[in-house]
Amino acid sequence: MGGYFHENNKDSIAAELAGRDGFGNNDFVGLVLDTYQDKINGFEYFITPLGEQWDAKATSGNEDFSWNAVWQSAAKIHADGWSFEFFIPYSAIRFGKKKVQDWGLNIVRRRQKSGQQLFWQSIDPTVNGFLTQSGTLTGLEDIKPPLRLQFSPYLSTYLNHDGTAAAGTKKGSATVNGGMDVKYGINQAFTLDMTLIPDFGQVQTDNRILNLSPFEPQYTENRAFFTEGTELFNKGNLFYSRRIGIEPVYRFDPSGPNDSTVESPSTAKIINATKISGRTQKGLGIGMLNAITQPQYAVLYDRTTGEKREAKNMPLTNYNILVLNQSLKHNSSISLVNTNVLRSGDAYDANVTSALFDLNDKKNTWNVGGNFSVSNLISKERTICILVKPAAASILVFTRIYIQTNTTKVISVILPTTITWSKAPGQVTGGTNLRIGTTRCS
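In the numbering used here, the protein residues as written are 4 to 445.
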């Protein structure tokens, strides 16, 4: 695909360096493909006059710019406009296996000087959804994508020097780490990603937050494995990937009354992580993710004996998430999400299951959606509990239903329910809190 945009002079072209996936104040042109023609999932490829790329996976109402495909493009500014070229290989696109295929298609251009955003297939802003209004690309026959297989081994070294160390002790240390990332296209629709002993030392650090509230802050995920191709796992906002390796929620203090803590790891090293995601020809999206973190040990100093010892402060942990998302007509969908954490030893396990629905009418004017979620912690005695208490148990059920229109009004009904019981007979309590309100979408 290529083209030429004419301007009276090149000063009318908005062009600045913004980096990959950076919009900036640029003119741009883009290609949007709905390869399954389900009006819910698509791929976007854009280029600026300076040749910078940005790409994304599009879902119903969202764009995932953490997804990066390998494709070629070029652009050049001329005296009377700018030209561009796209070359997108089939390996950069996911699609079903059919002899003859029709894809959804749209072409987008933004011209900053006039404040315009133009579309090959016109878009009605009063209709929900961008992909639902795509045109159609026909005549695709006998598409045979190449093998999608990529190995990315790594080797890293760390040198530490302590100039304040006492005489006779080590002033430094050196460590060597190695691992590998693997990406494999199982078929045209499903992709397997694996990482073995990953090293995220080069990942952007978090901004410091002064949190004076009783609520835990949530940080942005910057690790590529947990950001690329994760749109399915974000259904229902149940999955918080920062729990894996960086901020485990279960951590205890193994020290005794005569102990001083010399070293206590606050993060757990990931041994391996695997994810499989894709969508069948019938519109069923399937996502599975598994990650294992190794146990961590604190170093304790016994003030009585003067000895140092190691004590476990984080157990071996297995994280899992399964997502099933069925695309329906009119940009609608239903989903089932399950997340669970399994810990070794006496540490408790956790499980959350949620059913979601998102339905639109034929004109994509009215939208009805909601979810039903059950969250619980499971002790090693297999008692379901929301709080870790040896003689009590409870389960939390949360239900939300909403209705919205293009007038941006939302009517929601929230039904949180908690049922608590103890091992003593006859002690069962429960309650439901019903709230009905009207709010405005941002």
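Beta carbons: idealized from backbone N, C-alpha and C, even for Gly. Model, not experiment: these values are computed from the prediction.
Contact check for Asp30 and Ala17: beta-carbon distance about 5 Å, within the 8 Å limit, so the pair qualifies. The criterion of a C-beta distance shorter than 8 Å is not satisfied by Tyr48 and Asp41. The Cβ neighbour count for Val103, taken over all protein chains shown within 10 Å, is under 16; the residue is labelled exposed. The beta carbons of Ile126 and Gln136 sit about 5 Å from each other, so the pair counts as a contact at 8 Å.
Remark: C-beta atoms of Leu327 and Leu359 do not approach each other more closely than 8 Å. If the five residues before and after Asn225 are omitted, its C-beta is found closer than 6 Å to the C-beta atoms of Val206 and Gln207, all from its own chain and listed in chain order.
Counting C-beta pairs closer than 8 Å gives three or more between the region 283-303 and the region 235-245, which meets the contact rule. Pairing Pro201 with Ile273 gives a Cβ-Cβ distance under 8 Å. Rounded to whole angstroms, Leu53 and Ile279 show a C-alpha spacing of 35 Å.
A straight-line Cα-Cα distance of about 36 Å links Gly166 and Gln221. Comparing alpha carbon positions, the residue from Val377, Val344, Glu55 and Asn12 closest to Phe26 is Glu55. For Tyr322, the CB contacts under 6 Å within the same chain, skipping 5 residues up- and downstream, are Ile247, Ala294 and Val344 in chain order.
Buried is the label assigned to Phe229, since at least 16 other Cβ atoms lie within 10 Å of its Cβ. Within the model, the alpha-carbon separation for Ala276 versus Thr129 is close to 42 Å.
In the three-state reduction of the DSSP assignment, Gly22 falls in the coil class, being assigned neither a helical nor a strand state. Leaving aside the five residues that flank Thr62 on each side, the residues in its chain whose CB is nearer than 7 Å to its CB run, in chain order, Ile43, Asn44 and Glu234. Val340 and Asp364 have their alpha carbons spaced roughly 24 Å apart. Of all alpha-carbon atoms in Val179, Glu219, Thr178 and Asp196, the one lying nearest the alpha-carbon of Lys186 is that of Asp196.
When DSSP reads this structure, Val179 sits in a beta bridge with Thr160. Pro268 is positioned such that its CB atom lies closer than 8 Å to that of Asn316. Assignment of beta strand (DSSP E) within the region 46-132, counting only whole runs of 3 or more residues, yields 56-62, 65-67, 75-81, 84-90, 103-114 and 119-122 in chain order. Per the DSSP secondary-structure output, Arg346 pairs in a beta bridge with Thr320. Here Phe46 is buried, its C-beta having at least 16 other C-beta atoms within 10 Å. According to the DSSP secondary-structure assignment, Ser357 is paired through a beta bridge with Val340 and Ser376. In the three-state DSSP reduction, Asn370 falls in the strand class (E or B).
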